[in-house]
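Peer 1: Numbering (the UniProt record's numbering), first residue to last: 1 to 258.
Provided herewith is a single structure, encoded as structure tokens, for subsequent inquiry.
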């Protein structure tokens, strides 16, 4: 429960927990939304979401500047520029630069819906919008058609709908508090579902310690929010000016990262 308490209590935001609990308890259904075709609803919703909430994210810095993608003025080119700048600064100060690329397994499909709604409330998204989101995400079913046969319906308990216009920004919201995992001296950059953690220093031992501590925190964070990091999809990158004879050994959940 540590991260949940940290998010809610650090700013004295007790009311936020109450809002979240009431929302989960009541699970209000919006009949108007239920009657609208999905595509029409989300086209209208996206337009309203863009005009009403994107500015609040950027102006109030609700979403950390290290989180990029699907936000105004935060495209892939800016993400690459930030990494390039960090590498250049490390080279100019004769520092080693080691990074870790994290791979999230089935990123959109494993998002915890209740956790997402809580984070949306924490970001200051309007209660009515969060009720619409909660109603939509919690009341989904799926069926499989094979030739002339159609399976029974199965409720979808987690994840964001693939292809939905709002799923990318909702995933950005879900990762907004990822910075809580960083040890002092470690930095990160996120673009969509790609996470890059890095550290620059004159001592390789210092870098190894900071990155290992961070990976331990990432493991706890992912366990709490029910995301899965696939160690085999991760990689350690040596971006130092001088080539190292050996890359520091860093593990995730006891498995060495390649």
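Ideal placement from N, C-alpha and C gives every residue a C-beta, glycine not left out.
All of these numbers come straight from a predicted model, not from anything done at the bench.
Could you pull out every residue in the same chain whose Cβ sits closer than 6 Å to the Cβ of residue 115, ignoring the five residues on either side in sequence?
Peer 2: As a position in the chain shown, residue 115 is number 115, starting the count at 1. Once the five neighbours on either side are set aside, the close Cβ partners of residue 115 are 225.
Peer 1: Less than 6 Å between C-beta atoms, sequence neighbours within five positions excluded: which residues of the same chain meet that for residue 102?
Peer 2: In the chain shown, the residue the question calls residue 102 occupies position 102. Cβ neighbours of residue 102 beyond the five flanking positions: 195, 229, 234.
Peer 1: Apart from the five residues on each side of it in sequence, which residues of its chain come closer than 8 Å, Cβ to Cβ, to residue 141?
Peer 2: As a working note, residue 141 is residue 141 in the chain shown. The residues are 153, 154, 155, 156.
Peer 1: Say whether chain C places a C-beta atom closer than 7 Å to the C-beta of residue 188.
Peer 2: Any reference to chain C falls outside this structure, which holds one protein chain only.
Peer 1: Tell me, please, whether the stretch 186-200 touches the stretch 74-90 by the rule of three or more beta-carbon pairs shorter than 8 Å.
Peer 2: yes
Peer 1: For residue 74, count neighbouring C-beta atoms within 10 Å of its own C-beta (all shown protein chains included) and say buried if the count is 16 or more, exposed if not.
Peer 2: Counting from 1 along the chain shown, the entry for residue 74 is found at position 74. Buried, by the Cβ-count rule.
Peer 1: Is the CB-CB distance between residue 198 and residue 99 below 7 Å?
Peer 2: Numbered from 1 along the chain shown, position 198 holds the residue referred to as residue 198. Numbered from 1 along the chain shown, position 99 holds the residue referred to as residue 99. Their beta carbons are under 7 Å apart, which means residue 198 touches residue 99 by this criterion.
Peer 1: Smallest Cα separation from residue 92: which of 246, 247, 241?
Peer 2: Within the chain shown, numbered from 1, the residue matching residue 92 stands at position 92. Checked all of 246, 247, 241; the closest Cα to residue 92 is 241.
Peer 1: According to DSSP, is residue 164 part of a helix, a strand, or is it coil?
Peer 2: If you number the chain shown from 1, residue 164 lands on position 164. Coil at residue 164, not helix or strand.
Peer 1: How big is the Cα-Cα spacing for residue 94 and residue 202?
Peer 2: In the chain shown, residue 94 corresponds to position 94, counting from 1. In the chain shown, residue 202 corresponds to position 202, counting from 1. Approximately 7 Å between the Cα atoms of the pair.
Peer 1: Residue range of the beta strand (DSSP E) that residue 199 falls in?
Peer 2: Locating residue 199 in the chain shown gives position 199, where the first residue counts as 1. First-last of the beta strand (DSSP E) with residue 199: 194-201.
Peer 1: How far does the beta strand (DSSP E) with residue 238 in it reach, from first residue to last?
Peer 2: Stepping through the chain shown from its first residue, residue 238 is reached at position 238. It spans 235-238 - the beta strand (DSSP E) in which residue 238 sits, taken as one unbroken run.
Peer 1: What are the boundary residues of the beta strand (DSSP E) that includes residue 180?
Peer 2: One-based indexing of the chain shown puts residue 180 at position 180. The continuous stretches of beta strand (DSSP E) do not include residue 180, and DSSP gives it neither H nor E.
Peer 1: So residue 181 and residue 221 are in contact, right, with Cβ under 8 Å, and what is the actual spacing, rounded?
Peer 2: To locate residue 181, count along the chain shown from 1; it is residue 181. To locate residue 221, count along the chain shown from 1; it is residue 221. Rounded, the Cβ-Cβ distance is 5 Å, consistent with contact.
Peer 1: Measure the CB-CB distance between residue 120 and residue 173 and report whether it falls below 7 Å.
Peer 2: In the chain shown, counting from the first residue as 1, residue 120 sits at position 120. In the chain shown, counting from the first residue as 1, residue 173 sits at position 173. Taking 7 Å as the Cβ cut-off, residue 120 and residue 173 qualify as a contacting pair.
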